[in-house]
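Since the structure comes first, as structure tokens, the remarks are kept for the end.
There are 2 protein chains.
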Amino acid sequence: MIERKSERTKSAIRAAARQVFALVGYERATIRDIAREANIDPAMVMRYFGSKDGLFADTANFDLNLPQDLGEAPDKAGERMAAHFIAVWEQEGSGFAVLLRSASSNPVAAARIAAVLSEQLLPAVVAMVGPQEAPQRAGLIASQMLGLALSRYVLSLGPVAAMSREQIIAGIGPTLQRYLYGPLAR
Amino acid sequence: MIERKSERTKSAIRAAARQVFALVGYERATIRDIAREANIDPAMVMRYFGSKDGLFADTANFDLNLPQDLGEAPDKAGERMAAHFIAVWEQEGSGFAVLLRSASSNPVAAARIAAVLSEQLLPAVVAMVGPQEAPQRAGLIASQMLGLALSRYVLSLGPVAAMSREQIIAGIGPTLQRYLYGPLAR
DNA sequence: CACGTTTATCAACACTCGTTGACAAATTCT
DNA sequence: AGAATTTGTCAACGAGTGTTGATAAACGTG
Numbered sequence: 322m323i324e325r326k327s328e329r330t331k332s333a334i335r336a337a338a339r340q341v342f343a344l345v346g347y348e349r350a351t352i353r354d355i356a357r358e359a360n361i362d363p364a365m366v367m368r369y370f371g372s373k374d375g376l377f378a379d380t381a382n383f384d385l386n387l388p389q390d391l392g393e394a395p396d397k398a399g400e401r402m403a404a405h406f407i408a409v410w411e412q413e414g415s416g417f418a419v420l421l422r423s424a425s426s427n428p429v430a431a432a433r434i435a436a437v438l439s440e441q442l443l444p445a446v447v448a449m450v451g452p453q454e455a456p457q458r459a460g461l462i463a464s465q466m467l468g469l470a471l472s473r474y475v476l477s478l479g480p481v482a483a484m485s486r487e488q489i490i491a492g493i494g495p496t497l498q499r500y501l502y503g504p505l506a507r
Numbered sequence: 322m323i324e325r326k327s328e329r330t331k332s333a334i335r336a337a338a339r340q341v342f343a344l345v346g347y348e349r350a351t352i353r354d355i356a357r358e359a360n361i362d363p364a365m366v367m368r369y370f371g372s373k374d375g376l377f378a379d380t381a382n383f384d385l386n387l388p389q390d391l392g393e394a395p396d397k398a399g400e401r402m403a404a405h406f407i408a409v410w411e412q413e414g415s416g417f418a419v420l421l422r423s424a425s426s427n428p429v430a431a432a433r434i435a436a437v438l439s440e441q442l443l444p445a446v447v448a449m450v451g452p453q454e455a456p457q458r459a460g461l462i463a464s465q466m467l468g469l470a471l472s473r474y475v476l477s478l479g480p481v482a483a484m485s486r487e488q489i490i491a492g493i494g495p496t497l498q499r500y501l502y503g504p505l506a507r
């Protein structure tokens, strides 16, 4: 057999876990729920992922994957960044929904979001504006993007969820642009 | 006795509940934890609040309390709004921390945040810019403010938590200003 | 003081959860 | 085919949870 049977089961569990975790969060998701969603026995989850924590750690990952050339067209950076964020989030199984849904109550998820900020967003901003002002600028950007994701995808707040991608980008792009290159308080 | 003894106990429970709920969220908070924090018996919680849900419903309330005169100085509205948000959140026992910490996993909390948007923020924005564009503008404002609160108070993301109130206001005020009165995509 | 009401204590129930281990079935290898 | 390994099933355990009811202590009132 070219592919172990267990790999099929593992990915079925993973897919079900992503779905359930993203929908109800780490605490409310039960192994029994996930197993039922994947049409397997709860014990299989333990066999292949060791524990509920292990499954979550495997499922809740996210790569921001920012383009490297944002700084080459500085006047377009904000808009491009906004568009990139939305594109990455809306691709299925990105793991970001899992992460954000559980971040408020699960320390592991919170730490991973913090890591995305410090290891992916911050370096990109450093490359654009230098190390001096980068933390503050990256922090402001993170606050806007996380707030958008929370409002639109997690809480589904009416007005935010109703906006089109284009409206979102038109609204938030200039904000990111200013957070990147606009004036800053000392 | 001028004040029933039960009122003392009830407010002790309330205070402990706010603290525990705000720290770990609805699901991870246990009645036993809250009771221990308040130095009372778990059964007292049931007597006075009926259920864990009842206690949460009693604890998790929030009034944005926006000033009525924001529209009178339109060029200052964004900055004043930002300053007001921060002031309201940082006053102890505001209940907002409880709400936001649990919003991602608790439907009641999510619904209450949605209600703050639709019943408090939206009407204020309608009064300033009219009903046509208000939903989109209020949605954008909510996304930025929720994201700030999430980053700074719930997740304590380093760069955001490190900023001073003045830096926050200087950074976010202009954003709200543009969300209120700036150009908008159709 | 004695009585009724309010407040507090305690132990237990019923349930759900993550997790485990024994065992069976299927699959692969010799 | 027979043995060994992998994969799956099932029932149960132990811990923790919200919740309840019986019972005691504290308190105000005649």
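Keeping their order, the protein sequence lines are chains L and V.
Per the working numbering, the very first residue in the first sequence carries number 322; after that it's consecutive.
Per the working numbering, the very first residue in the second sequence carries number 322; after that it's consecutive.
Heads up, the beta-carbon is just placed ideally off N, CA and C, and yes, glycines get one too.
Closer than 8 angstroms to chain V by CB, residue i
i: A338/L; result: no
i: L385/L; result: no
i: M322/L; result: Bear in mind that a pLDDT of 49 at M322/L, under 50, signals an unreliable position, so the model cannot answer this.
i: S372/L; result: no
i: P388/L; result: no
i: R499/L; result: yes
i: P444/L; result: no
i: I434/L; result: yes
i: T380/L; result: no
i: A506/L; result: yes
i: Q441/L; result: no
i: A431/L; result: yes
i: M449/L; result: no
i: S327/L; result: no
Among the options, nearest to residue i - alpha-carbon criterion
i: S439/V; options: P480/L, V446/L, K397/L, A430/L; result: P480/L
i: G392/V; options: A506/V, L505/V, L501/V; result: L501/V
i: R486/V; options: R499/V, S423/V, M367/V, A470/V; result: A470/V
i: A337/L; options: A403/L, A431/L, Q498/L, G414/L; result: G414/L
i: A342/L; options: L443/L, S477/L, Q488/L, N427/L; result: In the sequence as displayed, the identity of residue 342/L is Phe instead of Ala. Minimum Cα distance to F342/L is reached at N427/L.
i: L443/L; options: R357/L, L385/L, N360/L; result: L385/L
i: A333/V; options: L344/V, R357/V, T351/V; result: R357/V
i: P495/L; options: R401/L, S425/L, R335/L, I355/L; result: R401/L
i: S327/L; options: M367/L, D396/L, V429/L; result: M367/L
i: L387/L; options: D362/L, V446/L, Q412/L, L421/L; result: V446/L
i: A448/V; options: L420/V, R329/V, G492/V, A398/V; result: A398/V
i: F383/V; options: D396/V, I434/V, G492/V; result: I434/V
i: Q453/L; options: A430/L, G416/L, H405/L, A506/L; result: A506/L
i: A378/L; options: G451/L, A455/L, L420/L, K331/L; result: L420/L
First and last residue of the uninterrupted alpha helix (DSSP H) at residue i
i: F377/L; result: 373 to 380
i: Y474/L; result: That residue, Y474/L, is in no alpha helix (DSSP H); it is neither H nor E in DSSP.
i: T496/V; result: 486 to 502
Minimum Cβ-Cβ distance from residue i to chain L less than 8 angstroms
i: G492/V; result: yes
i: A418/V; result: no
i: I352/V; result: no
i: A424/V; result: yes
i: R349/V; result: yes
i: L471/V; result: yes
i: T496/V; result: yes
i: I414/V; result: Ile is not the amino acid found at residue 414/V; the sequence shown has Gly there. It does not; no Cβ of chain L falls within 8 angstroms.
i: P452/V; result: no
Three-state class that DSSP yields for residue i in the structure shown
i: S423/V; result: helix
i: E400/L; result: helix
i: P388/V; result: coil
i: R325/L; result: coil
i: S415/L; result: coil
i: F383/L; result: coil
i: Q441/L; result: helix
i: I361/V; result: coil
i: Q453/V; result: coil
i: A459/L; result: helix
i: L508/V; result: Coverage of chain V is limited to positions 322 through 507, which leaves residue 508/V absent and any answer about it impossible.
i: A337/L; result: helix
i: A350/L; result: coil
i: A356/V; result: helix
i: L505/V; result: coil
i: A394/V; result: coil
Cβ distance (whole Å) where residue i is taken to contact residue j below 8 angstroms
i: A418/V; j: Y369/V; result: Not really, about 22 angstroms apart at Cβ, beyond 8 angstroms.
i: G468/L; j: L376/V; result: Contact flag wrong, Cβ pair sits at about 28 angstroms.
i: Q465/L; j: L497/L; result: 7 angstroms
i: Q404/L; j: I490/L; result: What sits at residue 404/L in the sequence shown is Ala, not Gln. Contact flag correct, Cβ pair sits at about 5 angstroms.
Near the ligand MN: residue i beta-carbon under 7 angstroms from a heavy atom
i: K331/V; result: The model depicted lacks the ligand MN and carries no ligand whatsoever.
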